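Please read the structure below before turning to the comments.
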Amino acid sequence: HGVRRQRQMCIRDRAYSAQWTELGQQEKVLADYWRERLGALAPAQALPWSLQPSPTQRDGNANPVGRFISRTLPSSLAQQVWDAASRDACTPFQWLLASWCILLGHYSQQTDIRVGTLFSTRVSRPQVREQALGYFQNLVILRLDLNDKTTFPQVRDAVRSAVSDGLQHRGLPMDELLKMLPERESPRPRFSTLVPLLDGNTPESFLGCPLERSQSSEYAGAAVDFSFFFIGHQHTPRLAIEFNSQLYRGEDLEHVFDHYQQVLEQCLHQAEQDWRHYRLVGSEHYRSMTRAWQMIASAPPKTERLHCAFDRQANSTPEQLALVWYHGDRRVPVSYRQLSAQADAIAGFVASQPAGDEPIALVCGWQPLAVAAMLGIQRAGRAYLPIDPAYPRSRIDHM
Numbered sequence: 010h011g012v013r014r015q016r017q018m019c020i021r022d023r024a025y026s027a028q029w030t031e032l033g034q035q036e037k038v039l040a041d042y043w044r045e046r047l048g049a050l051a052p053a054q055a056l057p058w059s060l061q062p063s064p065t066q067r068d069g070n071a072n073p074v075g076r077f078i079s080r081t082l083p084s085s086l087a088q089q090v091w092d093a094a095s096r097d098a099c100t101p102f103q104w105l106l107a108s109w110c111i112l113l114g115h116y117s118q119q120t121d122i123r124v125g126t127l128f129s130t131r132v133s134r135p136q137v138r139e140q141a142l143g144y145f146q147n148l149v150i151l152r153l154d155l156n157d158k159t160t161f162p163q164v165r166d167a168v169r170s171a172v173s174d175g176l177q178h179r180g181l182p183m184d185e186l187l188k189m190l191p192e193r194e195s196p197r198p199r200f201s202t203l204v205p206l207l208d209g210n211t212p213e214s215f216l217g218c219p220l221e222r223s224q225s226s227e228y229a230g231a232a233v234d235f236s237f238f239f240i241g242h243q244h245t246p247r248l249a250i251e252f253n254s255q256l257y258r259g260e261d262l263e264h265v266f267d268h269y270q271q272v273l274e275q276c277l278h279q280a281e282q283d284w285r286h287y288r289l290v291g292s293e294h295y296r297s298m299t300r301a302w303q304m305i306a307s308a309p310p311k312t313e314r315l316h317c318a319f320d321r322q323a324n325s326t327p328e329q330l331a332l333v334w335y336h337g338d339r340r341v342p343v344s345y346r347q348l349s350a351q352a353d354a355i356a357g358f359v360a361s362q363p364a365g366d367e368p369i370a371l372v373c374g375w376q377p378l379a380v381a382a383m384l385g386i387q388r389a390g391r392a393y394l395p396i397d398p399a400y401p402r403s404r405i406d407h408m
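Shown next, in the form of structure tokens:
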């Protein structure tokens, strides 16, 4: 009996050892895949309405204050999306995610789109699944290159392929993966938005907020800076946004719902059109804006000089965001105080030069220093002539 028991223990130990070896090999394959996909990624850009973070927020020492807003998706539009997804042989989530990636392409003006989503990691074997307790969800980053994807069907197929790859490689926990990737200078994540799908058929509320109407609620904190939820419901599907209120304002993000619905309509009815030509506002709104711009162009309003208007704004809100410059994948925010200080230094240099009436040649690429130079030259009472350094040398000398 003792020999038989020892033999059984040896067989069991060998089985456990084989399982651990198999798990280790799988983890290496998954790590290699995600390192290739995400290792060289720079931090993702924030949405256009992001506020300038304070020093404590940049250092990650501040606790983010989360807010939540939601809106019902029109039932007729939702039904069209569900029918289109069935006709295109994809899930409604993949169809909605493809249209969201198009909206992100408009917001960022880039074709390298990265979104995070949540996949279940529960194993498929019933005997193991029944004994496992806990929240088996893993964050997966989907990366899409829309550079050569011009129509919605092409974007949809790319999303379907990315979701399929993500499902096949979802087993490696994201916190373990981030330890294997190169260190980053910025605390920002490698994806711009988190886009999960929630089943809304049973609960009557989400994060403590009733789902009857659009509203906001403050609670402990936002897991990421921006999350866009699809809340599936048989009769009233909803869209929801959870965001860090220290980086975004709810009134700004309300426009995201309007823009997204416009994109959905065009994905349904203008699928073969280049998605870069999609409009984020309705036809009537577009016409009214066009008329307003034409009126301004024909009769520009009388106002103070540019540098005077800038000085007034800089004195009233010195820490507010004045401009944002994208240097490759790096986002460089500049406050009014910083820009004003640079303009002051340039104005002092110009004033120290011999006086004259001729414009000052400004040979500079498009960067924050060019804007500071324009303001500084005006502060010194002079005019500037912008010259692109990429011009031919003879053209620069002539100007």
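Each residue of the sequence shown is one higher than the one before, counting from 10 in the working numbering.
We put the beta carbon where it would ideally sit given N, CA and C, even for glycine.
In this text the structure is predicted, and so the values were computed from the model without any measurement.
State the Cα-Cα distance for the pair Tyr393 and Ala356, rounded to the nearest angstrom. Their backbone Cα atoms lie some 12 Å apart in a straight line.
In whole angstroms, what separates the C-alpha of Lys158 from that of Ala107? Cα to Cα, Lys158 sits roughly 11 Å from Ala107.
Other residues of its chain near Asp179: CB distance less than 7 Å, five sequence neighbours each side excluded: Looking at the sequence provided, one finds Arg at residue 179 rather than Asp. For Arg179, where only same-chain residues beyond five positions count, the Cβ hits under 7 Å are Phe128, Thr130, Asn147, Val149.
Looking at Leu273: is its Cβ nearer than 8 Å to the Cβ of Val90? Yes, the pair counts as a contact, with Cβ atoms nearer than the cut-off.
Rounded to whole angstroms, what's the CA-CA distance from Ser403 to Gln362? Just pull it up for me. Going by C-alpha positions, Ser403 is about 26 Å away from Gln362.
C-alpha gap between Gln255 and Arg340, whole angstroms: Arg340 has its alpha-carbon roughly 18 Å from the corresponding atom of Gln255.
Hey, His316 and Arg258: beta-carbon distance below 8 Å or not? Against a cut-off of 8 Å, the Cβ pair of Arg258 and His316 comes out as no contact.
Please specify which runs of the beta strand (DSSP E), each continuous and at least 3 residues long, are wholly inside the segment 316 to 373, giving them in chain order. With a minimum length of 3 residues, the continuous beta strand (DSSP E) runs that stay inside the segment 316 to 373 are 330 to 336, 339 to 344, 369 to 372.
Hey, out of Leu155, Thr126, Asp154, whose CA is closest to Val447's CA? With the chain running from 10 to 408 in the structure shown, residue 447 is simply not present.
Any idea what DSSP makes of Thr211, helix, strand or coil? Interpretation of Thr211 is limited by its pLDDT of 46, a score under 50 that renders its predicted location unreliable; no figure is taken from the coordinates.
Between the beta-carbon of Asp174 and the beta-carbon of Thr120, is there less than 8 Å? For Asp174 and Thr120, no; Cβs fall outside 8 Å.
Contact between the segment 293 to 304 and the segment 362 to 381 is defined here as three or more beta-carbon pairs at a separation below 8 Å; is this criterion met? The segment 293 to 304 makes no contact with the segment 362 to 381: fewer than 3 CB pairs, one atom from each, lie closer than 8 Å.
Keeping to the same chain, check which residues put their C-beta closer than 7 Å to that of Ser59; ignore five residues upstream and five downstream. So the qualifying residues of the chain are Leu256, Tyr257.
Residues in its own chain within less than 6 Å of Cys276 by CB, not counting five upstream and five downstream? Excluding sequence neighbours, Cys276 sits near Ser108, Phe161.
Residue of His407, Ser349, Val168 minimising C-alpha distance to Arg321: Out of His407, Ser349, Val168, Ser349 has the C-alpha closest to the C-alpha of Arg321.
Tell me which residues share the same chain as Leu176 and place their Cβ nearer than 7 Å to its Cβ, disregarding the 5 neighbours each side in the sequence. Shown here for Leu176: same chain residues with a beta carbon closer than 7 Å to its own, the five before and five after excluded, namely Phe128 in chain order.
Looking only at its own chain, which residues have a Cβ that is under 6 Å from the Cβ of Leu203, when we skip the five neighbours before and after it? If we look at Leu203 and ignore the five residues flanking it on each side, its Cβ neighbours are Gly125, Val233, Ser236.
So, Phe416 versus Leu332, is the Cβ gap smaller than 8 Å? Missing from the structure shown is residue 416; the chain here goes from 10 to 408 and no further.
So Arg152 is in the alpha helix (DSSP H); what residue range does that whole segment cover? For Arg152, there is no enclosing alpha helix (DSSP H); the enclosing beta strand (DSSP E) has its first and last residue at 146 to 154.
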